[in-house]
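Engineer: Protein sequence lines, in the order shown, are assigned to chains C and F. For the first sequence, position 65 (counting from the first letter as 1) is numbered 64 according to numbering that gives the first Met the number 0, and the numbering increases by one without interruption. For the second sequence, position 208 (counting from the first letter as 1) is numbered 207 according to numbering that gives the first Met the number 0, and the numbering increases by one without interruption. My questions will all concern the structure given below.
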Amino acid sequence: MVEKYADHKEVLNMANFALPLLEDNEELRHQRAVLLYHKAWLEMVLRAEEEGKKFVYNQFNLYTDLFYAFDLVPIPPEIWSLTKVTLRDGYGMCETIDAAHEAGIHPELCSAHKSAIGDQLLGNRIPPPAMIVNPSFPCDNTKVAYQVLAEVTGAPMLVMDCPYFGPDTDEKVAMDYWVQRVKELIRFLEEHTGQKLDPDRLKEVIEEANRAIEYVLEYESFRQLKPLPQPGVALGSAMGGFTMSGLPEYTELMKTLRDDIKDRVDKGKTAVPEEKLRLNWFYLHAFYDGGVYGWLETKGVVSPVAFHGYDVLEPIDTSTTESTIRGLAKKLLGFPMGRQGTGSSHIYIGDCIDATQRWQCDAVILSGHAGCKYIRGLIGLLRDELRKIGVPMLVFDMDTFDPRVAPPSQYYPIIEEFVDICVDKKEEGIALV
Amino acid sequence: MQALAELSKLADTLSNPYIEHWKEEGGKVIGYYCTYVPVELIHAAGMLPYRVRATGSTSTALGDLYSDPMMCTFTRHSLDHALRGEYRFLDGLVAAFSCDHIRRMFDAWSYGKVETGRPPFYLRFLSVPFKADDLAVEWLTGELERFRQSLEKHFQVTITDDDLRRSIKAYNEKRTLLKSLYELRKGEAPPVTGAEVLKLAIASTAMPVEEFNRLMHKLLDEVQSRDGFSDYRARLLMVGGELEDPAYIEAFEELGGLVVMDYLCYGVRDFWDLVDENAEPLAALANRYLYRLTCPRNMGHRERVEFINSMVKEFEADGIVVERMKYCDAWGGESALLRWTERKADIPCIVLEREFLMAGAGQLRTRAQAFLEMLRER
Numbered sequence: 000m001v002e003k004y005a006d007h008k009e010v011l012n013m014a015n016f017a018l019p020l021l022e023d024n025e026e027l028r029h030q031r032a033v034l035l036y037h038k039a040w041l042e043m044v045l046r047a048e049e050e051g052k053k054f055v056y057n058q059f060n061l062y063t064d065l066f067y068a069f070d071l072v073p074i075p076p077e078i079w080s081l082t083k084v085t086l087r088d089g090y091g092m093c094e095t096i097d098a099a100h101e102a103g104i105h106p107e108l109c110s111a112h113k114s115a116i117g118d119q120l121l122g123n124r125i126p127p128p129a130m131i132v133n134p135s136f137p138c139d140n141t142k143v144a145y146q147v148l149a150e151v152t153g154a155p156m157l158v159m160d161c162p163y164f165g166p167d168t169d170e171k172v173a174m175d176y177w178v179q180r181v182k183e184l185i186r187f188l189e190e191h192t193g194q195k196l197d198p199d200r201l202k203e204v205i206e207e208a209n210r211a212i213e214y215v216l217e218y219e220s221f222r223q224l225k226p227l228p229q230p231g232v233a234l235g236s237a238m239g240g241f242t243m244s245g246l247p248e249y250t251e252l253m254k255t256l257r258d259d260i261k262d263r264v265d266k267g268k269t270a271v272p273e274e275k276l277r278l279n280w281f282y283l284h285a286f287y288d289g290g291v292y293g294w295l296e297t298k299g300v301v302s303p304v305a306f307h308g309y310d311v312l313e314p315i316d317t318s319t320t321e322s323t324i325r326g327l328a329k330k331l332l333g334f335p336m337g338r339q340g341t342g343s344s345h346i347y348i349g350d351c352i353d354a355t356q357r358w359q360c361d362a363v364i365l366s367g368h369a370g371c372k373y374i375r376g377l378i379g380l381l382r383d384e385l386r387k388i389g390v391p392m393l394v395f396d397m398d399t400f401d402p403r404v405a406p407p408s409q410y411y412p413i414i415e416e417f418v419d420i421c422v423d424k425k426e427e428g429i430a431l432v
Numbered sequence: 000m001q002a003l004a005e006l007s008k009l010a011d012t013l014s015n016p017y018i019e020h021w022k023e024e025g026g027k028v029i030g031y032y033c034t035y036v037p038v039e040l041i042h043a044a045g046m047l048p049y050r051v052r053a054t055g056s057t058s059t060a061l062g063d064l065y066s067d068p069m070m071c072t073f074t075r076h077s078l079d080h081a082l083r084g085e086y087r088f089l090d091g092l093v094a095a096f097s098c099d100h101i102r103r104m105f106d107a108w109s110y111g112k113v114e115t116g117r118p119p120f121y122l123r124f125l126s127v128p129f130k131a132d133d134l135a136v137e138w139l140t141g142e143l144e145r146f147r148q149s150l151e152k153h154f155q156v157t158i159t160d161d162d163l164r165r166s167i168k169a170y171n172e173k174r175t176l177l178k179s180l181y182e183l184r185k186g187e188a189p190p191v192t193g194a195e196v197l198k199l200a201i202a203s204t205a206m207p208v209e210e211f212n213r214l215m216h217k218l219l220d221e222v223q224s225r226d227g228f229s230d231y232r233a234r235l236l237m238v239g240g241e242l243e244d245p246a247y248i249e250a251f252e253e254l255g256g257l258v259v260m261d262y263l264c265y266g267v268r269d270f271w272d273l274v275d276e277n278a279e280p281l282a283a284l285a286n287r288y289l290y291r292l293t294c295p296r297n298m299g300h301r302e303r304v305e306f307i308n309s310m311v312k313e314f315e316a317d318g319i320v321v322e323r324m325k326y327c328d329a330w331g332g333e334s335a336l337l338r339w340t341e342r343k344a345d346i347p348c349i350v351l352e353r354e355f356l357m358a359g360a361g362q363l364r365t366r367a368q369a370f371l372e373m374l375r376e377r
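Here's what the structure looks like:
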């Protein structure tokens, strides 16, 4: 029998080892902030179990604000599982993925969900939930995986049914329906926590989250600058929005990211000495491969924006409980990835084009995560729309969480060929498409 | 078995003489994907609802331009057909939010990638809830009212509540007739095979419902004098998604299995539940389409299992065959859950992966053979 949460304790040990090494290193300030944040969340979860607090499994496309208003501890099972991805040389999730396969879960399911299911089947990997909350977006994978998680854990689950947002949707009518579902969520949480929603506590949490939103938007505006002031890939509200949004730790993270990039702008620092190409990574890249951005930067290629670094948020009006709930409902539809899964391809395509243009990108890269059908199914349409605005696109097959599907040694040459062609064309003044 | 022969032919081709005649008379044909589309509304508008299949498709070369190798092969074949102009007899297309594959395929239509030949082509995507409760019924009722208005506006027709009531009655009759046929399959010697029933079910979605009902009455008379099928090794209940190829069921039935009941997209999920004819029509439709036997795109695994297991008893099935289209996540998760559940209930259950085309027929027969042998030995 494996020690309880052995992998996550190991990740904590690694974080505790790495943090002193990152101190006093101005260049790595934002990496340190991200590591501190995840450490804080892991410690909170482990402590919470000892304290007898209740856990809610929140599907990872839900901001956590409301759960903290109920003094719950949110664990998105996918995120909990992917926390261990860098262990065992990047094969950290493979054991739990394989456990799901062996139990009969189909291999084409998203590996984040396979791993989350595997965590349950193997036991001692994740604290058990008192309740589960799953919106019907972004995709089939989540709807299926959470039905399985509900069956395996036996925990009561609320499915938040979201209307479809297409070109013909009456948005006001659709939003009214969604607000009803958020109110249903509140009733569900009241029932399973045994406490009524405290409007003052809700206001407190949302106003804290509002402060974080302002920092996020400011941070992202700096990432639009040319040349890019800060190396690495963009980190937006999704960086932790599914774990501690509504808590001061999350606000502090977003503030640090904003301060770091602002400081770099004030000092005239850039991500690379000579910027040759700007990429929009409008899908998640491999979580076991954080080095790809640094490698590209050695070639003068920067990554100003990514799927999870593109936010369309606005602060919530907390003047009344009703305005707070309506604002929260709107925010819950805006989580990067969740948002694009709420409706037709026009949302994702429109956002990708907007990100490409506002962040002044030359090309789009999609890490074609195996199992992500709601994105893979629109690639042809996206290609056509990007061609119309002269932007080339690269899609390569891989798995965001399982390196066995397509190891970096397989896709690095593909990326390299693509960026080299784009750089050469740019230098020669030839259109990229 | 004249009626059976007449209806069975319709499963072999996309179009058929009924559709051709309908078009010649100036009628409009509206294609639809999925059993979550309330066909009564299309019928009430005076149009022929036609459930879109990919019959006859042999390639996805064109379809893959706007799809992906990891997408469901049914939708890829169907999109391929569309891009090649095989659905040129349609005047419109309606889809429900069944799954990621259907919605992305529909997006290819809405982005104008499919040449429809005569603008303006009617397109509509329905937001159908993923669970059934009062809020969902209220939402879907409103959605159906918007659907009604869009049909009226596009085609310059009026759809009254009385029109809807007549359509509901006609489709309830179809459902009742099919259920009557299913009742006959409970006996020791069912008068029809599973493959034959699939053909009938497909025919019911590819012709005017009034004509179908007329022929079904005739068929129910005809089967009374038919010698039933009693020479089988095992009675099977087949479960799964979009299955439109009777050859798949024939692969089991040629080896001695007899499919006596199902939980299929072209089977009971399409017709088992009636619409309340006494309630306000749109609300009645919303109720029926939400509370009906569900597909795993909906929550409600336990209710599905309860129904399946009760049917195993009623139809005295010896085992369950779950057919799952590769890349279908809804059925992927459901088939795993079914396997676990049926193991606990000690009901033999086999899960088989398939693609739209019957490419692995030999492999299928081997596994079918093994399963039937196992059932015989129990």
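Where a beta carbon is used, it is the ideal one built from N, C-alpha and C, also for glycine.
What is the rounded straight-line gap between the Cα of F:G26 and the Cα of F:K178?
Structural biologist: One-based indexing of the second sequence puts residue 26 of chain F at position 27. One-based indexing of the second sequence puts residue 178 of chain F at position 179. Their backbone Cα atoms lie some 29 Å apart in a straight line.
Engineer: Which whole runs of the beta strand (DSSP E) in the segment 371-404 of chain C are 3 residues long or more, in chain order?
Structural biologist: 392-397
Engineer: Could you tell me whether the Cβ atoms of F:D272 and F:L292 are closer together than 8 Å?
Structural biologist: Locating residue 272 of chain F in the second sequence gives position 273, counting from the first residue. Locating residue 292 of chain F in the second sequence gives position 293, counting from the first residue. Result yes, Cβ atoms of F:D272 and F:L292 sit closer than 8 Å.
Engineer: Which of the three DSSP states is assigned to F:I50 in this structure?
Structural biologist: As a working mapping, residue 50 of chain F is identified with position 51 in the second sequence. Checking the displayed sequence, the identity of residue 50 of chain F turns out to be Arg instead of Ile. If DSSP states are grouped into helix, strand and coil, F:R50 belongs with the strands.
Engineer: Can you name the start and end residues of the alpha helix (DSSP H) that C:P19 belongs to?
Structural biologist: As a first step, residue 19 of chain C is located in the first sequence; it is residue number 20 there, counting from the start. Here the alpha helix (DSSP H) through C:P19 covers A5 to L21.
Engineer: Contact check, F:E19 vs F:I167 under 8 Å by CB: the rounded distance?
Structural biologist: Along the second sequence, one-based indexing puts residue 19 of chain F at 20. Along the second sequence, one-based indexing puts residue 167 of chain F at 168. Contact flag wrong, Cβ pair sits at about 27 Å.
Engineer: Taking only three categories from DSSP, how would you classify F:R323?
Structural biologist: As a first step, residue 323 of chain F must be located in the second sequence, where it is residue number 324. In the structure shown, F:R323 sits in a strand (DSSP, three-state: E or B).
Engineer: Taking Cβ to Cβ, would you say C:Y90 is nearer than 8 Å to C:P76?
Structural biologist: For the purposes of this step, residue 90 of chain C is identified with residue 91 of the first sequence, where counting begins at 1. For the purposes of this step, residue 76 of chain C is identified with residue 77 of the first sequence, where counting begins at 1. Contact flag unset, no.
Engineer: The beta strand (DSSP E) that contains F:D261, what's its start and end?
Structural biologist: Residue 261 of chain F sits at position 262 when you count from the first residue of the second sequence. DSSP places F:D261 in the uninterrupted beta strand (DSSP E) bounded by G256 to Y262.
Engineer: Taking buried to mean at least 16 other C-beta atoms within 10 Å of its own C-beta, is C:M0 buried or exposed?
Structural biologist: What you label residue 0 of chain C is simply residue 1 of the first sequence in a count that begins at 1. With fewer than 16 other beta carbons inside 10 angstroms of its own, C:M0 counts as exposed.
Engineer: Establish whether the CB of C:I96 and some CB of chain F are separated by less than 8 Å.
Structural biologist: Translated into positions along the first sequence, residue 96 of chain C becomes position 97. No, C:I96 does not count as interfacial toward chain F.
Engineer: Whose C-alpha, out of F:V238, F:M357, F:A282 and F:E85, is nearest the C-alpha of F:M310?
Structural biologist: As a working note, residue 310 of chain F is residue 311 in the second sequence. Out of F:V238, F:M357, F:A282 and F:E85, F:V238 has the C-alpha closest to the C-alpha of F:M310.
Engineer: Indicate whether F:L89 and F:V127 have their beta-carbon atoms separated by less than 8 Å.
Structural biologist: Translated into the one-based positions of the second sequence, residue 89 of chain F becomes position 90. Translated into the one-based positions of the second sequence, residue 127 of chain F becomes position 128. For F:L89 and F:V127, no; Cβs fall outside 8 Å.
Engineer: So the candidates are C:S302, C:P19, C:D139 and C:K83; which of them puts its Cα closest to the Cα of C:K225?
Structural biologist: The residue labelled residue 225 of chain C in the question sits at position 226 within the first sequence. Closest in C-alpha terms to C:K225, from the list C:S302, C:P19, C:D139 and C:K83, comes C:S302.
Engineer: Please say whether C:H368 and C:P335 have beta carbons closer to each other than 8 Å?
Structural biologist: On the first sequence, residue 335 of chain C is found 336 positions in, with the first residue counted as 1. On the first sequence, residue 368 of chain C is found 369 positions in, with the first residue counted as 1. C:H368 sits away from C:P335, with the two beta carbons spaced by 8 Å or more.
Engineer: Using three-state DSSP, classify F:G193 as helix, strand or coil.
Structural biologist: Working through the second sequence from its first residue, we reach residue 193 of chain F at position 194. The answer is helix: DSSP assigns F:G193 an H, G or I state.
Engineer: List the residues of chain F that C:E107 touches, going by C-beta distances under 9 Å, in chain order.
Structural biologist: On the first sequence, position 108 is the one that residue 107 of chain C refers to. Chain F residues near C:E107: M69, K325, Y326, C327, D328 and G331.
Engineer: Within 10 angstroms of its Cβ, does C:K113 collect 16 or more other Cβ (buried), or is it exposed?
Structural biologist: Within the first sequence, residue 113 of chain C is the residue found at index 114, counting from 1. With 16 or more Cβ atoms within 10 Å of its Cβ, C:K113 is classed as buried.
Engineer: Using the DSSP secondary-structure output, state which residues sit across from C:N133 in a beta bridge.
Structural biologist: Residue mapping note: residue 133 of chain C aligns to position 134 of the first sequence, counting from 1. Paired residues: C:V158.
Engineer: Which runs of the beta strand (DSSP E) at least 3 residues long sit entirely within the segment 63-138 of chain F? Give them in chain order.
Structural biologist: 91-95 and 121-125
Engineer: Mind pulling the chain F residues with CB within less than 7 Å of C:C138?
Structural biologist: Within the first sequence, numbered from 1, the residue matching residue 138 of chain C stands at position 139. Near C:C138 (Cβ distances below 7 Å), the residues of chain F are D99.
Engineer: Residues in the same chain with beta-carbon distance under 6 Å from F:E241, minus the five sequence neighbours each way, listed in chain order, please.
Structural biologist: Here residue 241 of chain F corresponds to residue number 242 of the second sequence, with the count starting at 1. F73 and C264.
Engineer: What did DSSP end up calling C:F334 once you bin it into helix, strand or coil?
Structural biologist: Translated into positions along the first sequence, residue 334 of chain C becomes position 335. The answer is coil: DSSP assigns C:F334 none of H, G, I, E or B.
Engineer: DSSP three-state call for F:M205: helix, strand or coil?
Structural biologist: If you number the second sequence from 1, residue 205 of chain F lands on position 206. Contrary to the premise, residue 205 of chain F reads as Ala rather than Met in this sequence. If DSSP states are grouped into helix, strand and coil, F:A205 belongs with coil.
Engineer: What whole-angstrom Cβ distance do F:G116 and F:R87 have, given they're in contact under 8 Å?
Structural biologist: What you label residue 116 of chain F is simply residue 117 of the second sequence in a count that begins at 1. What you label residue 87 of chain F is simply residue 88 of the second sequence in a count that begins at 1. That belief holds up - the Cβ atoms of F:G116 and F:R87 are roughly 6 Å apart, short of 8 Å.
Engineer: Tell me C:Y90's beta-bridge partners as DSSP assigns them.
Structural biologist: Stepping through the first sequence from its first residue, residue 90 of chain C is reached at position 91. Beta-bridge pairing links C:Y90 to no other residue.
Engineer: Measuring CB atoms only, is the segment 248-260 of chain C touching the segment 323-339 of chain C, in the sense that at least three cross pairs come out at less than 8 Å?
Structural biologist: no
Engineer: F:M104 and C:R375 - do their beta-carbons sit closer together than 8 Å?
Structural biologist: Numbered from 1 along the first sequence, position 376 holds the residue referred to as residue 375 of chain C. Numbered from 1 along the second sequence, position 105 holds the residue referred to as residue 104 of chain F. Their beta carbons are not under 8 Å apart, which means C:R375 does not touch F:M104 by this criterion.
Engineer: Excluding the 5 residues preceding and the 5 following C:Q339 in the sequence, name in chain order all residues of the same chain whose CB lies nearer than 7 Å to its CB.
Structural biologist: Working through the first sequence from its first residue, we reach residue 339 of chain C at position 340. Around C:Q339: P137, I346, Y347 and D350.
Engineer: How would you label F:D269, buried or exposed, when you count the other beta carbons within 10 angstroms and need 16 or more for buried?
Structural biologist: In the second sequence, counting from the first residue as 1, residue 269 of chain F sits at position 270. Classification of F:D269: buried, given that the 10 Å Cβ count is 16 or more.
Engineer: Alpha carbons only, please: which of C:T341, C:I429 and C:W294 is nearest the one belonging to C:G415?
Structural biologist: For the purposes of this step, residue 415 of chain C is identified with residue 416 of the first sequence, where counting begins at 1. The sequence given here has Glu at residue 415 of chain C, not Gly. Looking at the Cα atoms, C:W294 is the closest of the given residues.
Engineer: Name the DSSP bridge partner or partners of C:L365?
Structural biologist: Residue numbering aside, residue 365 of chain C sits at position 366 when the first sequence is read from its first letter. According to DSSP, C:L365 bridges with C:V394.
Engineer: Please classify F:C348: does DSSP put it in a helix, a strand, or coil?
Structural biologist: Here residue 348 of chain F refers to the residue found at position 349 of the second sequence. If DSSP states are grouped into helix, strand and coil, F:C348 belongs with the strands.
Engineer: Do we get a CB-CB distance below 8 Å when we pair C:P162 with the residues of chain F?
Structural biologist: Here residue 162 of chain C is taken as the residue at index 163 of the first sequence, counted from 1. The Cβ of C:P162 sits closer than 8 Å to at least one Cβ of chain F.
Engineer: So is F:G141 in contact with chain C if we call contact Cβ pairs under 8 Å?
Structural biologist: Residue 141 of chain F sits at position 142 when you count from the first residue of the second sequence. Yes, contact with chain C.
Engineer: Using a Cβ-Cβ cut-off of 8 Å, state whether C:I104 counts as contacting chain F.
Structural biologist: In the first sequence, the residue the question calls residue 104 of chain C occupies position 105. Judged by the 8 Å Cβ criterion, C:I104 is in contact with chain F.
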